[in-house]
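Taking the numbering used here, the leading residue of the sequence shown gets 1481, the next gets one more, and so forth.
Backbone N, C-alpha and C fix where the C-beta goes; we use that ideal spot for every residue, glycine too.
Only one structure is covered here, and it is reproduced in the block below.
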Amino acid sequence: LGTVIMKVEVQTPDGKRDTSLEVLADSGMPSMRGAHETGDQPFKLSRKGEYLLPVNIMMPGEWEIRLTIKKDGKVIFRGSHKFDV
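What follows is the structure in structure tokens.
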């Protein structure tokens, strides 16, 4: 169907952008676990300090993007975002 771009912005407690992190994501369809999984893919850091990741959407249905954020090699956040196409 096409590609969507997931954008993640990370801020420090004082409101400044934090570009020192490693942001990864695995995407796929929960109803077809294993069929469209991408494995962890690294986000690219834009000039504006935003973390960007293209996600290839292959068919209609429920999709999930599972995020992992690391600082100094240690996981500091895990979460997911589900959406319907």
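Review point. Can the beta-carbon of Pro1493 be found closer than 7 Å to that of Leu1504?
Key: Taking the first residue of the sequence shown as 1, we reach residue 1493 at position 13. Taking the first residue of the sequence shown as 1, we reach residue 1504 at position 24. In this structure, Pro1493 sits away from Leu1504, with a CB-CB distance that is not shorter than 7 Å.
**Study point:** C-alpha distance - His1561 paired with Glu1544, whole-angstrom precision
**Key:** In the sequence shown, residue 1561 corresponds to position 81, counting from 1. In the sequence shown, residue 1544 corresponds to position 64, counting from 1. Here the alpha carbon of His1561 sits roughly 6 Å from the alpha carbon of Glu1544.
Check your understanding: Using the rule of at least 16 other Cβ atoms within 10 Å of the residue's Cβ for burial, across every protein chain shown, is Gly1519 buried or exposed?
Key -> Working through the sequence shown from its first residue, we reach residue 1519 at position 39. Looking at its Cβ environment, which holds fewer than 16 other Cβ atoms inside 10 Å, Gly1519 is exposed.
**Study point:** Short Cβ contact (7 Å threshold) for Lys1550 with Glu1517
**Key:** Taking the first residue of the sequence shown as 1, we reach residue 1550 at position 70. Taking the first residue of the sequence shown as 1, we reach residue 1517 at position 37. Cβ atoms of Lys1550 and Glu1517: not closer than 7 Å.
**Study point:** For His1561, the residue or residues it bridges with in DSSP
**Key:** Translated into the one-based positions of the sequence shown, residue 1561 becomes position 81. BP columns for His1561 point to Ile1545.
Check your understanding: Quick one: what does DSSP say Met1486 is sitting in, helix, strand or coil?
Key -> In the sequence shown, the residue the question calls residue 1486 occupies position 6. Of the three classes helix, strand and coil, the one that applies to Met1486 here is strand, per DSSP.
Check your understanding: Does the distance from the CB of Val1535 to the CB of Ser1511 come in under 7 Å?
Key -> Sequence index remark: in the sequence shown, residue 1535 carries index 55 (1-based). Sequence index remark: in the sequence shown, residue 1511 carries index 31 (1-based). Going by beta carbons, Val1535 and Ser1511 fall outside the 7 Å limit.
Check your understanding: Buried or exposed: which applies to Leu1533, given that a residue is buried once 16 or more other Cβ atoms fall within 10 Å of its Cβ?
Key -> Translated into positions along the sequence shown, residue 1533 becomes position 53. So Leu1533 counts as buried.
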